[in-house]
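Residue 210 in UniProt numbering sits at position 210 of the sequence shown, and the numbers go up by one each step.
In what follows, a structure is listed as structure tokens, so that the remarks can point back to it.
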Amino acid sequence: MCIAVFLWQSHPLYPFLLFLNRDEYLNRATEALRWWQDGETLGGRDLVGGGTWLGCNRHGRIAFLTNFRETSSIPDAKSRGDLPLRYLQSQKSPAEFAEEIEKEASLYNGFNLVVAHVFSKSMFYVTNRPLSQQQLVTLVSPGIHVLSNANLDSPWPKVHAPLSTSFLFLHLLTSLALLLCLQCLRLRDGFNQLLTQHPGGEFPVKTMVEEVMTDTVKDQEPDLPHVFPPDTEYHLSSIFVDVSRPAGRYGTRSISALTIKSHGQVCFYERHLQPGGGSWKELTQHFVIQNQTST
């Protein structure tokens, strides 16, 4: 399971800013943030499926993925992690790629996919759940969005805290009518204080990541989804997850922040748990987007 919160085309300095937690079994083979062999693609790699959950490239393409939480799966389904990689390595526009994936969506287990091109200001969301849903492709509007293990901007319990605690999310409260915990309110106040210290300028991204994405507050039973047993849902309900399960230790393996400034400067930050579940390591990659056009 993963959770992501992102700002799209609604800030003068940051046309795109994303925080994402990747939750997975700690014994699943994974490669940390790095440039891939093609020299164009940047992201982590799932060594089991061969794909990625979050990546970008030198030409302003962005793609990220979360799995849809469900109790059953398709035998021999295609790897969902291949979807972001395919987009990053393609020449298709976000709209064209989204339409292509819509046609083959039934071949995958439940997924949420976001693909974008920062300079064409084009972002599309693709999902194949629920199965009864007819519209699988949606144009993503400018603003703040949250993606967890249900549909984009769904009032899934796990998305409540990021909406209420991060710097620009406050204007969404009335429309979403979220019930906030005291911890969320404290975090909101902390972010307001950070904003006053950095008016109109750069955000202290690493500080914000630490504040928002390491939150271990869990929801109580009435607020939990009802997909897995209550005890399982309880331990998965925090933003930062760490739990022992029958198949092994499971939790947040990496925390990522991807920021793109208006002149094309990219900063990709990853904090990941090293193999064996020991210490955490930080990696950062900086580059400038090439060919800053709308194509």
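Backbone N, C-alpha and C fix where the C-beta goes; we use that ideal spot for every residue, glycine too.
Closest in alpha carbon position to Gln-292, among Arg-58, Leu-33 and Phe-6, is Arg-58.
Using a Cβ distance threshold of 8 Å, Lys-121 and Gln-9 count as a contacting pair. Taken through DSSP and simplified to helix, strand or coil, Leu-54 comes out as strand. Contact check for Phe-19 against Val-266 fails: the beta carbons are separated by 8 Å or more. One Cα belongs to Pro-15, the other to His-117, and the distance between them is close to 11 Å. For Lys-78, the secondary structure class from DSSP, reduced to helix, strand or coil, is strand. Boundaries cannot be given for Glu-202, as no alpha helix (DSSP H) includes it and DSSP labels it neither H nor E.
Considering only Val-241, Lys-281 and Glu-202, the residue with the shortest C-alpha distance to Lys-261 is Glu-202. Taking 8 Å as the cut-off, the beta carbon of Leu-7 is found no closer than this to the beta carbon of Thr-41.
Inclusion of Leu-139 and Asn-128 in the CB contact set at 8 Å is not warranted, their separation being larger than that value. Contact check for Gly-49 and Gly-81: beta-carbon distance about 4 Å, within the 8 Å limit, so the pair qualifies.
When C-alpha distances from His-263 are compared across Ser-93, Leu-33 and Gln-290, the shortest belongs to Gln-290.
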